[in-house]
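A.B. asks:
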Amino acid sequence: MVSATRRSSRRPEKRSVDAAEISDSGNESDFIDEGYESPPEENQKRARGHKRARTSFEPDPDFVENNLYNALSNSECAVSDLALEWVEQWMSDFESNKSEAITELFNLVLRCCGCYHLAQEHDMINYDSADATVADIAVFFERQRYHEYPFISKNKDLKFFRQNVIEFFENIITVSHEKGCLYKEQDTGDSSLASPMMNDILSWLAALSSSTIRPFRFVSTVVHMAIQTQICEQAVSLSISLEKQSRQLNNAKNNKTKRNQRAQDRKIEIISETIQSFKLQHDTLIEYLGDVFSNVFVHRYRDIDSAIRVECLRALGNWMIINESMFFQAKYLRYFGWLISDPNDSVREEAIKIIHKLYKHISARNETMGIGFRQFTERFKKQFILMVWGEQQMSIRIHLFGIYTELFKLGFLETSDISDIGSFGFFLAESTHALSNKAKREWCKFAEAVCLEQSTSEMEKFESFLSTHFSHKFGEDEDQLNLSTCLRYKALISFLQTSFQDYADSKRSLVSVTSTKPFPDDLISDLFSVMYSLPSFQGSWEVLVQYLLCDISSVSFGTIDNANDDYDRVTEQTLKERLEIARGAEKNAFLIMLYPFSHYICSILKGF
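The sequence shown lines up with residues 1 to 608 when you count with this note's numbering.
Shown next, in the form of structure tokens:
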């Protein structure tokens, strides 16, 4: 552990966020749009003052490349070893009151932006001068005739560079945690828990993140987000260690054995000291998380550069999954709610994509939804559903259907919501968009979930009857019909018919379609040809034909055990009514679903 006595660990005063503030308030007010302003359109011209006369800046012929940049530009670079070397260099600098390591790190970020005017060691001594130093460097950067911008370069020789840089900063956090550089060794009287090393890194990166130069803001923001993500990982790991140590302490205190009491007391003392150390480390990490969020994220998530907004959203989604207890809360979820209306397509798509990922995360773990996410869902559900009709980007619509499917599984959709979403499938069937087939498949997954839930519910109603009765027409053999499958097809037909009627009556006028009149037969056939490949409906076309030609009215059920005859007859009749394919529209819809397979079944149908 390094000593914290050489330099002041105080950063310039910025808003700090403590553990109490970042906890979930659970209030609806967390979603109020107070203080949020939509980012300006990127092609919108900003007011400019009088232009200063500029002279061209060229790199010094004696320019010496940054060592870290050189190393990370090599595809064979051992990134973890490089991070270890840097941390050890910083520790050595700290003992001798030098700034060589932090200068190298700062200049690495500048070189990632393509800047040739680098900071000198004497520039990095005072945190208070960070903004002024960055402003001076920005002037030289703007004078450069050529900007390579390696961090986002499409040059195949640099395709690995960005990932190397991100991994480098992540490894710095990991190594610093192991060596104790993330934490203060002793109380310096400062209210902040931040270590001198983190003050160095975060202060200079923060100055870059608020620069007027977009590459400076972009690279420093990405690096901030990577650092924050790694700190999230460390905080979660420490929480697990704290829980483990707390259990050991309770076990030690509850040990009633009187033997070796002195050794037992010493064990309790050691565990207690370990817990105190872990708590201090955890509180320090929480302070870092709050500082980065309040000093960087809340400013850059609405940056004029849409690429920076995307990076912020992507990082926040990762934090919510990694550190749920801190970030999966209403006050952080609201940022996604605000940015689903962003003027930039990429930002909206990223927001919707991450929201979909979060719903899948909850659904896959079969967990009870937290109050914050529940409030977020109730607040923005209607906006999600309306969005698909107004959104022009098909790729965003694709992710919206994923959200709808998860919302349905979680029980958030009402009948009217299902109808609104269902009717959009017929717009997709009419669409000629290049991505419409992929969108149709996602819509079909939603329809599949709806029909599966309905058929399962129907089967549960007859569970008692089917446990005591059987029919030779239904079973698992090849020549028998599967009862659950039949009910699923019935549910599908009902869903398609209802959805089409809603589309034709009220929704079709909301969207732009090329045909003059919708033809339900063609549209239903088109959608089913996609749905047929999904697990719940996958199978041979013979199943449909067999069900269509089955005379349900002639089916009889025999009893396995003695049961109430009156009840059995009523239940049997009800089940047969559920299975019966009504003449007219319903039977026609079944035939329509067979259109894609007509060349296979034409000869069979001729015999009936």
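All C-beta atoms in this analysis are idealised placements derived from N, C-alpha and C, irrespective of residue type, glycine included.
In the DSSP assignment, find the alpha helix (DSSP H) that holds CYS312 and state where it starts and stops.
C.D. replies: Segment 306-322, the alpha helix (DSSP H) holding CYS312.
A.B. asks: For ASP477, which of VAL543, PRO535, SER237 has the nearest alpha-carbon?
C.D. replies: VAL543
A.B. asks: Under three-state DSSP, which class holds GLN480?
C.D. replies: coil
A.B. asks: Could you compute how far the alpha carbon of GLY49 sits from the alpha carbon of HIS147?
C.D. replies: In this prediction, GLY49 scores a pLDDT of 43, lower than 50, which makes its location untrustworthy; no coordinate-derived value is stated.
A.B. asks: Taking 8 angstroms as the cut-off, does the segment 116-123 touch the segment 211-229 (at least 3 CB pairs, one atom from each stretch)?
C.D. replies: no
A.B. asks: DSSP three-state call for GLN610: helix, strand or coil?
C.D. replies: Coverage of the chain is limited to positions 1 through 608, which leaves residue 610 absent and any answer about it impossible.
A.B. asks: Going straight from the alpha carbon of GLN480 to that of ILE321, what length do you get?
C.D. replies: Going by the C-alpha atoms only, they are around 46 angstroms apart.
A.B. asks: Give me, in chain order, the residues of the same chain whose beta-carbon lies closer than 7 angstroms to that of CYS486; leave out the 5 immediate sequence neighbours on both sides.
C.D. replies: TYR547, LEU579
A.B. asks: Where does TYR335 sit, in a helix, a strand or coil, going by DSSP?
C.D. replies: helix
A.B. asks: In the DSSP assignment, what are the bridge partners of TYR183?
C.D. replies: ALA194
A.B. asks: Helix, strand or coil for GLN454, going by three-state DSSP, please let me know.
C.D. replies: helix
A.B. asks: Helix, strand or coil: how does DSSP classify GLY558 here?
C.D. replies: strand
A.B. asks: Looking at C-alpha atoms only, which residue of GLU311, ASN318, TYR183, ARG262 is the closest neighbour of ARG348?
C.D. replies: GLU311
A.B. asks: Any idea which residues DSSP pairs HIS469 with across the strands?
C.D. replies: HIS469 pairs with THR559.
A.B. asks: Check each candidate in ILE231, HIS361, GLN497, SER363 and name the one with the smallest Cα separation from ALA589.
C.D. replies: Measuring from the Cα of ALA589, the nearest candidate turns out to be GLN497.
A.B. asks: In whole angstroms, give me the CA-to-CA distance for PHE557 and ASP551.
C.D. replies: 14 angstroms
A.B. asks: Between the beta-carbon of CYS451 and the beta-carbon of VAL530, is there less than 8 angstroms?
C.D. replies: no
A.B. asks: If you run the structure through DSSP and keep just helix, strand and coil, what is PHE412?
C.D. replies: Assignment of PHE412 by DSSP, reduced to helix, strand and coil, places it in the coil class.
A.B. asks: Is the beta carbon of ALA330 less than 8 angstroms from the beta carbon of ASP342?
C.D. replies: no
A.B. asks: What residues in its chain sit with their C-beta under 7 angstroms from that of ASN107, if we drop five residues either side in the sequence?
C.D. replies: Same-chain partners within the cutoff: ASN66, LEU118, ALA119.
A.B. asks: With DSSP as the reference, identify every bridge partner of PHE474, one or two as the case may be.
C.D. replies: Among the bridge pairs identified by DSSP, PHE474 is matched with LEU481.
A.B. asks: Given that a residue counts as buried once 16 or more other Cβ atoms are within 10 Å of its Cβ, and exposed if not, what is ILE231?
C.D. replies: buried
A.B. asks: What are the boundary residues of the alpha helix (DSSP H) that PRO520 is part of?
C.D. replies: 520-531
A.B. asks: Among TYR149, TYR69, ALA207, SER99, which has the Cα closest to the Cα of ASP128?
C.D. replies: ALA207
A.B. asks: Can you tell which of LEU84, ASP131, PHE168, GLU243 has the C-alpha that lies nearest to the C-alpha of GLU178?
C.D. replies: LEU84
A.B. asks: Looking only at C-alpha atoms, which of LEU575, PHE446, SER554 sits nearest to LEU534?
C.D. replies: PHE446
A.B. asks: Which of helix, strand or coil does DSSP assign to GLN144?
C.D. replies: strand
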